[in-house]
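Enquirer: Before anything else, here's the structure in question.
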Amino acid sequence: RFRASRKTRVLDVGGTPFNWSLLPEQPELVFVNLSARKGCDWIIADGRHLPFKDGAFDVVYSNSVIEHLGTMESQRLFADECRRVGLRYYVQTPNKWFPVEPHLITPFIHYLPRSVQRRLLRNFTVWGLVTRPTAQQCESFVQEVRLLDERELNQLFPDSQIWHERVLGITKSLIAVRL
């Protein structure tokens, strides 16, 4: 469904070259991230304030970034920028209503109030048991991650189709697509 040729200008917001290396033909890629990486064309920028002209890219691609922006307002800025600089876009995010929180690899914790999540992150999530985060890292996680549901994604990308990525019949991820 997502076709790209050598002539397709793609902006990947928050991604890495790996996924693109799997394609039979490499599009013209520009990566935006908060820090530079070696081996490709990187621009250090914030996805909420992209330094490009309107319609500068054929496709804007973003995989599991929008949920890390903390607030609906930040997510709206990000969505507006993706829609502004891309003629087409593909923006994927985990589904809020999938029972397993994908960052913590723990069921149901994301349905609890943030005050309860803070207390449980370190000792009662797979992420916490493996990484042993500090109290500050737990606080940062709770402030940073805001999962979206389909209604919210539709509000952010009103000109899109919403695709569903399913696992065992349950929507794991949502993808806002304008092709």
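Take the sequence shown: its position 50, counting from 1, is numbered 50 in the UniProt record's numbering, and each next residue is one higher. Don't be surprised by glycine CBs; every beta carbon is placed ideally from N, CA and C. Remember, it's a predicted structure, so these values are computed and weren't measured experimentally.
1. What is the DSSP secondary structure of residue 151, reduced to helix, strand or coil?
2. Does the contact criterion of 3 or more C-beta pairs under 8 Å hold for the segment 76-88 versus the segment 18-34?
3. Counting Cβ pairs, one atom from each stretch, are 3 or more of them under 8 Å apart for the segment 63-74 and the segment 34-45?
4. As an exercise, report each continuous beta strand (DSSP E) stretch of at least 3 residues that is fully enclosed by the UniProt domain "Methyltransferase type 11" (38-85), in chain order.
5. Taking only runs that begin and end inside the segment 114-144, name each unbroken alpha helix (DSSP H) of 4 or more residues, in chain order.
6. Does DSSP put residue 21 in a helix, in a strand, or in coil?
7. Buried or exposed for residue 49, please, with buried defined as at least 16 other CB atoms from any protein chain shown within 10 angstroms of its CB.
8. Can you give me the C-alpha to C-alpha distance between residue 121 and residue 71, rounded to a whole angstrom?
9. Whole angstroms are fine: how far does the CA of residue 17 sit from the CA of residue 96?
10. Which same chain residues end up closer than 6 Å to residue 41 when comparing Cβ atoms and leaving out the 5 residues on each side of it in sequence?
11. Could you tell me the distance, in whole angstroms, from the CA atom of residue 132 to the CA atom of residue 7?
12. Cutting at 7 Å between CB atoms, please list the residues of its own chain near residue 86, excluding the five before and the five after it.
13. From residue 26 to residue 3, what does the alpha carbon distance come to, in whole angstroms?
Expert: Walking through what the data contain:
1. helix
2. no
3. no
4. 42-44, 57-63
5. 114-124, 126-131, 135-144
6. helix
7. exposed
8. 20 Å
9. 27 Å
10. 30
11. 45 Å
12. 11, 57, 59, 60
13. 11 Å
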